[in-house]
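Residue numbers (the working numbering), protein chains in the order written: chain X, 1 to 113; chain C, 1001 to 1110.
Yeah, the Cβ is synthetic: ideal placement off N, Cα and C, and Gly gets one too.
A quick note: this is a predicted structure, and the numbers were derived from the prediction, not measured.
Have a look at the structure below before the remarks.
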Amino acid sequence: NAGVTQTPKFQVLKTGQSMTLQCAQDMNHEYMSWYRQDPGMGLRLIHYSVGAGITDQGEVPNGYNVSRSTTEDFPLRLLSAAPSQTSVYFCASNQRGQRGEQFFGPGTRLTVL
Amino acid sequence: EDQVTQSPEALRLQEGESSSLNCSYTVSGLRGLFWYRQDPGKGPEFLFTLYSAGEEKEKERLKATLTKKESFLHITAPKPEDSATYLCAVQPSGYSTLTFGKGTMLLVSP
């Protein structure tokens, strides 16, 4: 099993550009989440999904969109990148009923100029 | 508002020097408390789940304990490979999301 995979590993954007961060998991997990991690701020939840077709907002959803058309994939879209979105983004998945035991991907380091 | 506070922010130990990391939390009801390890440049890796006060979990040199207000991660005779950032997270009752602390960066010198 590859676990949770994320692409790209690194990305540089200009202010106003849009892009999609990809996340996939091969563990048949129902729950998937996107976090951002900033120095001194800890992990903050952006959006999450409890199954295909179902998504919900986390703590910091503004400027981001998600969709969940399959169990395996959970892409994160930046609509119009801003310097405040410079961060490291992690995707995670977990089984139903095991919300605390999340499997994290390797992360995407995003810089917005 | 649910809060998770970890201390210290950073800890430097000599190899073999045992110590403890603290995670204090404020939630209306606790469904679970979780510890993760994060190596530089990687995603967090799950370590332990604790559900109720008095519960303990062990894995190699690590032991996690839980009281009604805090959790401790005890590290016995640490080795350099234990160097990492340790994250604590809580799941409040009735919620499906986690609140993470900012982490404790542990450095173990040979």
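Nearest-angstrom Cα separation, counted from residue j out to residue i
i, j, result
"LEU1066 of chain C", "GLN95 of chain X", "24 Å"
"ALA1134 of chain C", "LEU1062 of chain C", "This structure cannot speak to residue 1134 of chain C, because chain C is shown only from 1001 to 1110."
"THR1005 of chain C", "LEU1098 of chain C", "14 Å"
"VAL66 of chain X", "GLN25 of chain X", "16 Å"
"ASN62 of chain X", "LEU76 of chain X", "12 Å"
"VAL1108 of chain C", "GLN1038 of chain C", "15 Å"
"SER87 of chain X", "THR7 of chain X", "15 Å"
"SER1083 of chain C", "MET1105 of chain C", "8 Å"
"GLU59 of chain X", "SER1096 of chain C", "13 Å"
"SER1020 of chain C", "LEU1047 of chain C", "15 Å"
"VAL112 of chain X", "GLY97 of chain X", "36 Å"
"LYS1042 of chain C", "GLY1054 of chain C", "31 Å"
"SER18 of chain X", "CYS91 of chain X", "19 Å"
"LYS1079 of chain C", "GLU1070 of chain C", "25 Å"
"ILE1075 of chain C", "GLY53 of chain X", "43 Å"
"HIS47 of chain X", "GLN102 of chain X", "15 Å"
"LYS1068 of chain C", "GLU1081 of chain C", "31 Å"
"PHE1100 of chain C", "THR1049 of chain C", "14 Å"
"PRO1040 of chain C", "LEU1087 of chain C", "13 Å"
"PHE74 of chain X", "GLY1016 of chain C", "43 Å"
"GLU1056 of chain C", "ARG68 of chain X", "37 Å"
"CYS1023 of chain C", "PHE10 of chain X", "32 Å"
"GLU1001 of chain C", "SER93 of chain X", "25 Å"
"LEU21 of chain X", "GLY3 of chain X", "17 Å"
"TYR1025 of chain C", "GLN1003 of chain C", "6 Å"
Under 8 Å between C-beta atoms of residue i and residue j
i, j, result
"GLU30 of chain X", "GLY51 of chain X", "yes"
"LEU43 of chain X", "GLN37 of chain X", "yes"
"THR108 of chain X", "TYR89 of chain X", "yes"
"SER1093 of chain C", "SER1028 of chain C", "yes"
"GLY40 of chain X", "LYS1102 of chain C", "yes"
"PHE104 of chain X", "PRO1044 of chain C", "yes"
"SER49 of chain X", "MET27 of chain X", "no"
For residue i, the residue or residues it bridges with in DSSP
i, result
"THR70 of chain X", "Paired residue(s): none; THR70 of chain X is not in a bridge."
"GLN37 of chain X", "X:LEU43 and X:VAL88"
"HIS1074 of chain C", "C:SER1020 and C:LYS1063"
"GLY51 of chain X", "X:ILE54"
"GLU1056 of chain C", "C:THR1065"
"THR15 of chain X", "DSSP, once it has assigned bridges, lists no residue as partnering THR15 of chain X."
"GLY957 of chain C", "Chain C is shown from 1001 up to 1110; residue 957 of chain C falls before or after that span and cannot be answered."
"ARG77 of chain X", "X:THR20 and X:ASN65"
"ASN94 of chain X", "X:TYR31"
"TYR1086 of chain C", "C:ARG1037 and C:THR1104"
Inset, instruction - Assess, as a yes-or-no matter, whether the segment 81-93 of chain X is touched by the segment 5-21 of chain X under the definition of 3 or more beta carbon pairs within less than 8 Å. - result: They touch, by the three-pair rule.
Legend entry - Stretch-stretch touch, CB-based, cutoff 8 Å, three pairs: the segment 1010-1017 of chain C with the segment 1031-1049 of chain C: Under the three-pair Cβ rule at 8 Å, the segment 1010-1017 of chain C does not count as touching the segment 1031-1049 of chain C.
Legend entry - Near-chain X residues of the segment 1028-1042 of chain C (beta-carbon distance less than 9 Å), N- to C-terminal order: Listed by position, the residues of the segment 1028-1042 of chain C near chain X (Cβ gap below 9 Å) are ARG1031, GLY1032, LEU1033, PHE1034, TYR1036, GLN1038, GLY1041 and LYS1042.
Inset, instruction - Below 8 Å between beta carbons is the criterion; list the residues of the segment 1063-1094 of chain C that meet it against any residue of chain X, in chain order. - result: Within the segment 1063-1094 of chain C, the qualifying residues are LEU1087, ALA1089 and GLN1091.
Legend entry - Interface positions of the segment 1044-1057 of chain C facing chain X (Cβ-Cβ less than 8 Å), listed along the chain: Listed in sequence order: PRO1044, GLU1045, PHE1046 and THR1049.
Legend entry - chain C contacts from the segment 89-107 of chain X (Cβ-Cβ distance under 8 Å): Within the segment 89-107 of chain X, the qualifying residues are PHE90, ALA92, ARG99, GLY100, GLU101, GLN102, PHE103, PHE104, GLY105, PRO106 and GLY107.
Inset, instruction - Report the residues of the segment 42-53 of chain X with a CB closer than 8 Å to any CB of chain C, ordered along the chain. - result: For the segment 42-53 of chain X, which is checked against every Cβ of chain C, the residues closer than 8 Å are GLY42, LEU43, ARG44, LEU45, TYR48 and VAL50.
Inset, instruction - Taking only beta carbons into account, state which residues of the segment 16-33 of chain X come closer than 7 Å to chain C, listed in chain order. - result: Taking 7 Å as the Cβ-Cβ cut-off, the segment 16-33 of chain X has no residue approaching chain C.
Legend entry - the segment 53-64 of chain X: positions lying closer than 9 Å to chain C by Cβ: So the close ones are ASP56, GLY58 and GLU59.
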